[in-house]
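Per our numbering, the sequence shown starts with residue 2, numbered consecutively. Every residue gets a Cβ at the ideal spot worked out from N, C-alpha and C, and that includes glycine. This report refers to the structure that appears directly beneath it.
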Amino acid sequence: MCGIIGYSGERPAGPILLEGLGRLEYRGYDSAGIALFDEQHRLYCARATGKLEQLTSRIEGVLPPAVAGIGHTRWATHGRPSEANAHPHLDPTGRVAVVHNGIIENFAALRERFTARGASFASETDTEVLAHLVAEALDEGADLAEALRVTLAETEGAYSVVVIATDDPGRLVAARAGNAGGLVIGHGEGEQFVASDLAALLPYSRRVTFLNPGEIADIRREGVTLTDADGAVVERAPQLQPYDPVAAVKGRYRHFMLKEIHEQPDVALDTMRGRYLQDPPRVELDDGSPIAAAQARELQRAVLVGMGTSQYAAMIGRHYIERFARLPAEVDNASEFGYRRPVLDPRTLVVSVAQSGETVDTLLAMEEARREGCPQLTVCNTPGSQATRIADGVIHTRAGPEIAVASTKTMTASVIALHAMALHLGRLRGSLDPEVECAEIEAAMRLPAVLGEALLLEERMAAVARRYAQFEDFLFLGRGLSYPVALEGALKLKEVSYIHAEGYAAGEMKHGPIALIDERLATLAIATRDEVRDKMRSNIEQVKARRGPVIALVSEGDDSLDGIADEVIAVPAFEGALAPVVALVPLQLLAYHIALERGADIDQPRNLAKTVTVE
Ligand code: AGP
């Protein structure tokens with residue numbers, strides 16, 4: 002969703018804010034703005050619609066020197082993308098400026114309260130009431146942190162906010178309300194930063210503090226004071242982040258998406274490091290398993306939750322849990338979880354999967370599970386995120402920052418982490434055949450190299466992309482472990498190229514989608530060598546019989562579809578349950594290259610945001 006950045010220090014704030022916004026732009030990019038204090042301690046505010054470059058060119062040469070300020074890049078929720086709706090928002094007197102991410106549910110009633118007294122609003126946003134509320138509390142004598150606390154108490158919803166005011170130039174106050182819209186503080190020497198995610202802070206500081214819901218950070222250049230909703234001081238030592246800032250830079254790649262696709266061999270290695278042990282062969286969760294052996298044996302079922310790509314990773318995880326831990330497992334779309342009164346109890350293991358750890362739907366499902374006393378694990382790529390704080394145990398995916406909106410490397414890392422978790426659980430439950438464990442570990446050791454081989458398919462996928470870039474409809478088919486891969490292949494294509502694509506369980510094709518098949522609908526069939534390959538072949542024959550063009554993924558050495566499918570892509574052979582991640586690579590490359598052919602905005606597709614912090 003929206004990106005937030007704030008700075009207080011001795012250096013010129015403007016360039017720091019703009020650079021931070023550049024790193025956050027993937028979160029939202031329909032408008033951007035900054036607010037800072039000029040030399041007379043007056044608020045200077047600039048906003049522009051469109052991407053950050055519009056704002057940058059507008060303020061070039063006129064940006065006043067300042068040592069504190071806030072910035073925002075927007076993904077619209079309330080009010081269309083426009084300059085008036087862009088953040089920061091000011092109160093009518095220009096005393097207070099706010100940037101905000103998330104939703105204020107009772108904003109209409111609050112707005113009504115102010116307009117009834119004759120106040121005017123300059124935007125259609127929910128955000129603007131925050132500026133009015135803070136200014137009102139300041140008028141009544143509150144200090145800035147107290148004014149924000151009063152504001153939090155008056156509002157409903159889950160959001161994060163950063164405020165500056167002319168009363169105290171150089172000071173920022175920031176808060177997180179509820180479970181949406183995380184904020185992280187970056188601690189420097191004589192300067193402090195705040196941002197909606199880590200990527201914006203890494204060039205400046207690796208000492209960070211994540212705000213918990215209800216907490217307020219009072220930020221001055223000398224230091225930061227944290228208080229809770231009641232105003233009590235919270236003592237929490239900053240964490241040292243392991244991320245390398247270089248990892249957040251595009252390097253030689255034209256797009257972050259391509260860079261992140263190419264990082265997958267290294268990511269696989271990092272996710273497995275210290276977990277897949279060979280002597281003796283076993284899988285350990287080095288993060289510490291909160292599931293004791295006795296508790297693991299008591300478990301009666303597992304429920305996996307996630308959204309989008311993370312949900313598809315969870316679907317693969319379900320296979321692993323059933324196969325290795327012999328635990329009945331089901332997958333839920335996290336956004337639907339709360340609507341069914343799911344039957345949960347302390348013998349239900351809830352496993353959430355999340356790249357950001359801040360997806361509100363996933364967090365709400367986790368909270369529901371917590372209320373029911375379920376033990377919880379989260380597979381997460383963002384240390385310190387809210388998901389990692391709700392769960393009893395975390396399996397960090399260690400994929401590094403993922404900047405492209407379309408997830409690639411984090412799906413691979415999540416699937417590996419789920420594989421490790423299921424093997425570990427299987428051993429604790431005594432349901433894992435040691436020979437199977439050994440074979441899976443041996444196969445996993447080959448995975449980074451095999452992913453490297455899969456990346457060599459790039460030229461081939463680029464050529465296929467050139468032939469298929471003008472298609473407007475795609476069907477992705479898979480069975481078993483390849484079914485979630487088909488769903489993910491379709492999601493990638495629609496996200497980055499705006500082509501209509503559907504993922505289906507191949508067996509389902511005959512029950513409806515087959516009616517769509519003609520020469521204008523391209524079918525991508527995942528027919529890599531596994532127990533369902535022959536059935537996939539029948540599906541491909543059915544498509545061909547209806548003149549549908551077929552791109553088939555097969556395992557290297559398999560020529561059984563030569564002359565049948567229009568394109569036969571040989572994927573490096575891989576024995577073992579992690580095979581789906583190998584098939585993911587050509588699908589990611591296909592989506593990327595089709596988007597490139599179509600001139601799409603690959604790293605920042607229209608309408609999307611990297612972290613979805615609204616319901
Ligand atoms: C996938 O390319 C998207 N970025 C999206 O579906 C994403 O997987 C989803 O929003 C969940 O995000 P999370 O993993 O951060 O919870």
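For S483, the enclosing alpha helix (DSSP H) covers residues S483 to S498. The stretch 43-129 contains, as complete beta strand (DSSP E) runs of 3+ residues, the segments 44-50, 69-75 and 97-103 (chain order). A straight-line Cα-Cα distance of about 15 Å links V569 and L590. Distances between the C-beta of V586 and the heavy atoms of ligand 1 are all 6 Å or more. Here the C-alpha atom of V68 lies approximately 21 Å from the C-alpha atom of T210.
By the neighbour-count definition (other C-beta atoms within 10 Å, threshold 16), D333 is a buried residue. Listed in chain order, the alpha helix (DSSP H) elements of length 4 or more contained wholly in the stretch 275-326 are 294-299 and 309-326. For G309, the distance from the CB to the nearest heavy atom of ligand 1 is below 6 Å. When beta bridges are read from the DSSP output, D219 appears opposite V174 and T226.
The beta carbon of A528 sits closer than 7 Å to the beta carbons of R534, M537, R538, I541, A553, L554, V555 and L562 from its chain, once the five residues preceding and following it are set aside; these are given in chain order.
DSSP places D267 within a helical segment (H, G or I) once states are collapsed to three. Going by C-alpha positions, L494 is about 15 Å away from R468.
Remark: C-beta atoms of P65 and M316 do not approach each other more closely than 7 Å. Around the beta carbon of D198, a 10 Å sphere encloses 16 or more other beta carbons of the protein chains shown; the residue is thus reported as buried. A direct Cα-to-Cα measurement between G189 and V195 gives close to 11 Å.
Beta-carbon to beta-carbon, D31 and R75 are separated by about 5 Å, close enough to satisfy the 8 Å threshold. With a contact defined as Cβ atoms closer than 8 Å, G307 and S336 miss out at about 10 Å. Considering only D39, Q296, G51 and L56, the residue with the shortest C-alpha distance to E20 is L56.
In this model, A49 and I105 are separated by some 23 Å (Cα to Cα).
Contact annotation: D531 and V551 have beta-carbon atoms that are not nearer than 7 Å.
Note that the C-beta distance between A423 and I322 is below 7 Å. Sequence-distant Cβ neighbours of A230 in its own chain, meaning closer than 6 Å and more than five residues away, are G215. Note that the stretch 431-442 does not touch the stretch 384-401; fewer than 3 beta-carbon pairs, one per stretch, sit closer than 8 Å. With the rule of 3 Cβ pairs closer than 8 Å, the stretch 261-275 counts as touching the stretch 403-423. Residues A487, G490, A491, G504 and L525 of the same chain have their beta carbon placed closer than 6 Å to that of F477, with the five preceding and five following residues left out of the count. Rounded to the nearest whole angstrom, the C-alpha separation of D434 and H420 is 15 Å.
Here the alpha carbons of K511 and R548 stand approximately 15 Å from one another. Distances between the C-beta of Q356 and the heavy atoms of ligand 1 include at least one below 6 Å. When beta bridges are read from the DSSP output, R208 appears opposite L241. When the Cα atoms are used, V351 and L456 turn out to be separated by approximately 34 Å. Around the beta-carbon of R324, 16 or more other beta-carbon atoms lie within 10 Å, marking it buried.
If you ignore the 5 residues before and after A370, its C-beta comes within less than 7 Å of the C-beta of L345, V351 and Q377, all in its own chain and listed in chain order. Scanning the stretch 558-603 from its first residue to its last, the whole alpha helix (DSSP H) runs of 4-plus residues come out as 580-598. In this structure, A366 is the residue among A366, R298 and S357 with its C-alpha nearest to the C-alpha of G339. Listed in chain order, the non-local C-beta contacts of A506 below 6 Å within the same chain comprise Y484, local neighbours out to five positions each way being set aside. Every alpha helix (DSSP H) of 4 residues or more that sits fully in the stretch 378-460 is shown, in chain order, as 387-391, 410-429 and 435-456.
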